[in-house]
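Residue numbers for the sequence shown follow our numbering, so the first one is 3 and each next one is one higher.
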Amino acid sequence: MSTENQPCQGLLSMFPLAGKDKSIARLLFGTGTCPRCIFRFCCVDFHAPYKLPYKDLLRDLENFLKTEDDDLTLEATEPPLKKIRLQDGKSQIDDGSQNGGEMPAILKDENMLLEKPYLNACNICLGILQEFCEKTFIKKVCQKVESAGYEFTNLVFSVSFPPQLSVREHAAWLLVKQEMGKQGLSLGRDDIVQLKEAYKWITHPLFSEELGVPVDGKSVFTRMAVGKALDKIKEDDFRKKFPCPPNSPKAFCSAVEIECAHGAVFVAGRYNKYSRNLPQTPWIIDGERKLESSVEELISNQLLTVFKAEGFNFSSSGREDVDVRTLGNGRPFAIELLNPHRIQFTSQDMKELQQKINISSDKIQVRDLQLVTREAIGHMKEGEEEKTKTYNALVWTDKAIQKKDIEFLDNLKDLQINQKTPLRVLHRRPLAIRVRIIHTMETHYIDEHHFRLHLKTQAGTYIKEFVHGDFGRTKPNIGSLMNGTVDILELDVESVDVDWPPVLDD
Ligand SMILES: [Zn+2]
């Protein structure tokens, strides 16, 4: 269809309609349709004509519609078409007004159109391809973007159109389809250039020019129901309920809201936790806060301020209990910063930011702080189960011990244990038995009732339960191995062997 749409060379430069389009153009124009929507329904699928100034389009369209029918019959002979019966403009306009469409004022008085080209809102696009393509509107959006104070390198322009546009589009399509049917031609829904496409062609270059960054777009149709209903309704039923052509709207649609947001950015690093009184995430029970701070808050509060972000999501490679310290090189973490206004940071900036976090609290320290991609965060989680972790536990024994009583633990390699979900986490984890491996152990005798135990284990092992046995739910355990009662007094994580994020030199 569109490939046959050769512009009338020499007659009107750049004007994309040909003689065979004339009856459709006249029909739509007479019912109050804008030139760009007329192009769409005549399946003009190259961009340039849509971008011409509206005034010029209107003038060219009027000239096109005024040309003699004879000229057009000649134009229409190639490619050969069935002879098109062209109605004269006057009677066509009268038809339009009988159908409820008002005669566009521009046809009444040609001088008016040059001053006020938008006297009428288009009955199909409600002004989307009129006012909302003008530089004044583009500038308004750009001012909003600029006043929001974002650092950005590209722009995604998302538009949500009024749902009634789909209904109007459907009505106009039925009308044009019927008209083309008279000429023995067909018109599928997809043959028409979509409103959102035409809108992109016109506005994206303007945004790009104004903001100096590449522009991409997507339209947000949240009212899928309208589209589905239109697919289902029978054409005759639709015509009974809705005028074809769609009637002239009383007003243009308006831009209800212009909102700006920046896509999330991601920061990763490793943290140490030096406090036995600090949870990893806010500890809230029945709406009541139990401890005043948390690891994620101590880190994220600084990031929120510097990135001028609205919120964050914290994730990490495993987690430690509130009373467990994390020492050594620390635990990998990543933070998603939502709607950041600042995004451009050098590695020096990141070092200073890390410094700022580290000065702000003696309960935590951060290292390897860096900007990462969303995709890279997957490395932190992948193969988590296979990774090893090393711990240091302070163990108490009921019976008095000698150094030789614990040395046998040093010789146990890759000890397999079965862990039932610990009682203390049973309220939030399903009951299961998991097999875990204690790779190595190393004991350091302290006195008759205390020793230190270094452990290298498979990630996901419950260390406290492995030591005290959790009422026999973990088998074997240090107590059962020693034939006595033991408990764990302190626990530190010494290393989390995940080689992400990359280590940075200080
Ligand atoms: Zn329109």
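We put the beta carbon where it would ideally sit given N, CA and C, even for glycine.
For residue i versus residue j, is the C-beta distance shorter than 8 Å?
i	j	result
residue 277	residue 137	no
residue 373	residue 335	no
residue 397	residue 452	yes
residue 51	residue 41	yes
residue 43	residue 178	yes
residue 197	residue 232	no
residue 380	residue 340	no
residue 481	residue 470	yes
residue 378	residue 493	no
residue 359	residue 421	no
residue 472	residue 425	yes
residue 209	residue 176	no
residue 256	residue 34	no
residue 332	residue 376	no
residue 27	residue 60	no
residue 371	residue 269	yes
residue 450	residue 402	yes
residue 131	residue 201	yes
residue 399	residue 474	no
residue 161	residue 213	no
Could you pull the start and end residues of the beta strand (DSSP E) that residue i belongs to?
i	result
residue 460	452-460
residue 180	Residue 180 -> not in any beta strand (DSSP E); alpha helix (DSSP H) instead, spanning 166-184.
residue 314	313-318
residue 201	From DSSP, residue 201 is part of no beta strand (DSSP E) but of the alpha helix (DSSP H) over 197-213.
residue 324	No beta strand (DSSP E) contains residue 324, which DSSP labels as neither H nor E.
residue 444	435-449
residue 419	417-422
residue 371	366-374
residue 160	157-161
Between residue i and residue j, how many whole angstroms is the CB-CB distance? I'm expecting something under 8 Å.
i	j	result
residue 432	residue 445	The Cβ separation is near 34 Å, so there is no contact.
residue 181	residue 29	6 Å
residue 458	residue 442	5 Å
residue 248	residue 126	6 Å
residue 309	residue 342	4 Å
residue 194	residue 45	6 Å
residue 272	residue 495	That belief does not hold up - the Cβ atoms of residue 272 and residue 495 are roughly 11 Å apart, past 8 Å.
residue 293	residue 281	6 Å
residue 498	residue 319	6 Å
residue 337	residue 264	No, residue 337 and residue 264 are not in contact; Cβ-Cβ is about 15 Å, not under 8 Å.
residue 204	residue 57	Rounded, the Cβ-Cβ distance is 15 Å, inconsistent with contact.
residue 143	residue 260	6 Å
Taking only three categories from DSSP, how would you classify residue i?
i	result
residue 502	coil
residue 138	helix
residue 490	strand
residue 333	strand
residue 395	strand
residue 65	helix
residue 507	coil
residue 219	strand
residue 46	coil
residue 403	coil
residue 408	helix
residue 291	strand
residue 53	helix
residue 477	strand
residue 377	helix
residue 83	Only weak support is given to the placement of residue 83: the predicted model assigns it a pLDDT of 35, under 50, and the value that follows is read from those uncertain coordinates. Coil at residue 83, not helix or strand.
residue 425	helix
residue 497	strand
residue 259	coil
residue 189	coil
residue 386	helix
residue 339	strand
Residue i lies in the alpha helix (DSSP H); which residues open and close that run?
i	result
residue 40	37-43
residue 297	297-309
residue 480	480-484
residue 270	Counting along the chain, residue 270 falls outside any alpha helix (DSSP H), though it belongs to the beta strand (DSSP E) covering 267-275.
residue 227	226-234
residue 512	Since the first residue of the chain shown is 3 and the last is 508, residue 512 is not available in this structure.
residue 128	Taken as a continuous stretch (DSSP letters only), residue 128 belongs to no alpha helix (DSSP H), as it is neither H nor E.
residue 240	237-243
residue 350	349-362
residue 468	465-470
residue 380	380-383
So that I know if they touch, is there some Cβ in chain B lying closer than 8 Å to that of residue i?
i	result
residue 322	In summary, chain B is missing from the structure at hand, where a single protein chain is found.
Fill in: Check your reading: residues with Cβ closer than 5 Å to ligand 1 heavy atoms
36, 39, 124, 126, 127, 131
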